[in-house]
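For reference, the structure discussed in these notes is given below.
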């Protein structure tokens, strides 16, 4: 059969599929959607024939575009509904974190070792802090957590909790994303980001320990600390996972190792992002509010305990579906 | 590894038993698309600033500030993700350049893949432009992305590698360029039996002939001179005739 005859014979059904796909591309609802799979299979056959019979580039390209378009619409994932959300937090996320326990432990150490070291160092020798915190930062810490700064938590009087929430979202979640992304650079970016945060926060806490209002600092930070610090650390771990795939791909080629690492890192990244959003909610609306200090402390301690239990035990009984 | 190829076409076999061809796009068209997208993000930012001023008047300064901070966050990190997932792999810039993000399997890109590739964008855009670094909102030179594009077969930046995606052309430039054979060339059978690859070469030569200069065409068919028994201009006409004959029969 000549290409022109082949084209004439099938043109009608190709056109039908082309119009259907154009409508779907614009997000329209089409009447005879049930026809699309049938037309798709037919056009697949046509493309295979055209390729085999060497009907030429123009015809093959037209069919190629048509097959790809239909394939993309048929392959679109069905909506997974709210069950997926529950399942993610009940098992997928904690399981993904446990699977990465190596890098997660590494990142925990990368943050907490300098953090605690600096608080301890500052306790014995405050010079360490002055080496790190510039005078402006010290002044700011004085204003927020100094012994004399007595203005109480008045933010919500101005209705500013919401503004603080917005600020924490854009600032903290952006930093979180950036630490993750810089992990791709051989993991070095994430390591640097975590270590930097650890040292800097350690110095700030150390400063308040020596010359500030400790009660006030811990009352403010307690409730969201578990969400925020765990979230940062897990995001960094997800980045280091991908960075390590480049450094140490194991038995896979590097490109394949990165792809696999991406799959493993994705649930960790998604879950930790949700933790940071949670941290921003708590930090914006609860931590600065006038709730009694002991309640904030309780929530803070509970947060750490519950997260530890969650990551160690949640989803263990789920069958290996991942 | 497969033998080196002349073109960048990626052939993928579907479960339906048919091969589709993806044509990955190189760094340059993608850079243009990115430029358009960045301008659009800038427009969004300006709109959000105006909205903040308006909301501050109506609902108080802190509500306005909070709302616009959230909107800026969603625009900066979500612009690419939302467009790519909801518009089947096309941000406005990509649409303008005729590009689309797809999985390397040819399927459409989903939330997870788009989220990954657009967060790793921050790594791809290193080193950052120092004077453009506005607080958490940074713009960069994309050295890492370009370097990664140049060393991978499918022009993938780091984000594409992690998310297993590729940016492809949606339409075929060649579709219009295919030669309608000129008058004066009458189809003629080849002087001997040809293999599939040889037939393919003749057909493609006749299809794409109009995109080359005459001297280039003569140069390309020069090795065929002993086979077809003529040289130069004549040889081109004979090769075209054979290609046409193969196509039409």
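Protein chains in written order, with the numbering used here: chain C, 3 to 324; chain S, 10 to 258. Here a beta-carbon is modelled for each residue, glycine too, at the ideal position from N, C-alpha and C. Keep in mind it's a predicted model, so treat the numbers as computed, not measured.
Problem set entry | Interface partners of residue 43/C on chain S, CB under 7 angstroms | 25
Problem set entry | Short CB-CB distance (under 8 angstroms) between residue 49/S and chain C | no
Problem set entry | Selected residue, minimal CA-CA separation from residue 233/C, among 255/C, 123/C, 280/C | 280/C
Exercise. Using a C-beta to C-beta distance shorter than 8 angstroms, which residues of chain C count as neighbours of residue 86/S?
Worked result: 175, 176, 179
For this session: To the nearest angstrom, report how far apart residue 241/C and residue 45/S are at their CA atoms.
Result: 29 angstroms
Problem set entry | residue 197/C - DSSP class collapsed to helix/strand/coil | helix
Exercise. In chain C, which residues lie less than 7 angstroms from residue 212/S when you measure between Cβ atoms?
Worked result: 56, 58
Problem set entry | Rounded separation between residue 53/C and residue 196/C - CA only | 54 angstroms
Exercise. When we look at the beta-carbon of residue 96/C and count the other beta-carbons within 10 Å, is it buried (16 or more) or exposed?
Worked result: buried
Problem set entry | Residue nearest to residue 72/C in terms of C-alpha spacing, selected from 106/C, 88/C, 23/C, 170/C | 23/C
Problem set entry | Short CB-CB distance (under 8 angstroms) between residue 166/S and chain C | no
Exercise. With distances taken between CB atoms, is the gap from residue 328/C to residue 274/C smaller than 8 angstroms?
Worked result: Residue 328/C cannot be examined here, being either before or after the span of chain C that is shown, 3 to 324.
For this session: Tell me whether residue 29/C is buried or exposed, calling it buried when 16 or more other Cβ atoms sit within 10 Å of its Cβ.
Result: exposed
Problem set entry | Extent of the continuous beta strand (DSSP E) run through residue 178/S | 174 to 178
For this session: Report the residue from 214/C, 145/C, 225/C, 60/C whose alpha carbon sits nearest the alpha carbon of residue 5/C.
Result: 60/C
Problem set entry | chain C within 8 angstroms of residue 22/S, Cβ atoms only | no
Exercise. What residue from 215/S, 161/S, 49/S has the CA that sits closest to residue 17/S's CA?
Worked result: 161/S
Exercise. Where residue 176/S and residue 81/S are concerned, what is the direct C-alpha to C-alpha distance, given to the nearest angstrom?
Worked result: 26 angstroms
Exercise. What is the residue span of the alpha helix (DSSP H) that residue 230/S lies within?
Worked result: 223 to 230
Exercise. With C-beta atoms as the reference, is residue 168/S less than 8 angstroms away from residue 112/S?
Worked result: no
Exercise. Among 232/S, 178/S, 56/S, which one has its Cα closest to the Cα of residue 39/S?
Worked result: 178/S
Problem set entry | Alpha-carbon to alpha-carbon, residue 221/C and residue 184/C | 32 angstroms
Exercise. With distances taken from CA atoms, which of 120/C, 107/C, 284/C, 248/C is nearest residue 299/C?
Worked result: 284/C
Exercise. Counting only beta-carbon atoms, is residue 215/C nearer than 8 angstroms to chain S?
Worked result: no
Problem set entry | Test: residue 223/S CB closer than 8 angstroms to a CB of chain C | no
For this session: Measure the CB-CB distance between residue 66/S and residue 163/S and report whether it falls below 8 angstroms.
Result: no
For this session: Please list the segments of the alpha helix (DSSP H) lying wholly inside the segment 242 to 289 of chain C, counting only runs of 4 or more residues, in order along the chain.
Result: 256 to 284
Exercise. Which one of 46/C, 261/C, 123/C, 304/C has the shortest CA to CA distance from residue 228/C?
Worked result: 304/C
For this session: For residue 44/C, name the three-state secondary structure that DSSP assigns.
Result: helix
Problem set entry | Extent of the continuous alpha helix (DSSP H) to which residue 22/S belongs | Segment 19 to 22 is the beta strand (DSSP E) holding residue 22/S; no alpha helix (DSSP H) there.
Exercise. For residue 272/C, which residues from the same chain have a beta carbon less than 8 angstroms from its beta carbon, with the 5 sequence-adjacent residues on both sides left out?
Worked result: 90, 95
For this session: Could you pull the start and end residues of the beta strand (DSSP E) that residue 28/S belongs to?
Result: 28 to 31
Exercise. Skipping 5 residues on each side, what residues in its chain have a beta carbon closer than 7 angstroms to that of residue 180/S?
Worked result: 107
Exercise. Rounded to a whole number of angstroms, what is the C-alpha to C-alpha distance between residue 255/C and residue 170/S?
Worked result: 12 angstroms
Exercise. When the Cβ atoms of the segment 151 to 160 of chain S are set against those of the segment 27 to 45 of chain C, are three or more pairs found closer than 8 angstroms?
Worked result: no
Problem set entry | Per DSSP, the bridge partner or partners of residue 110/S | 176/S
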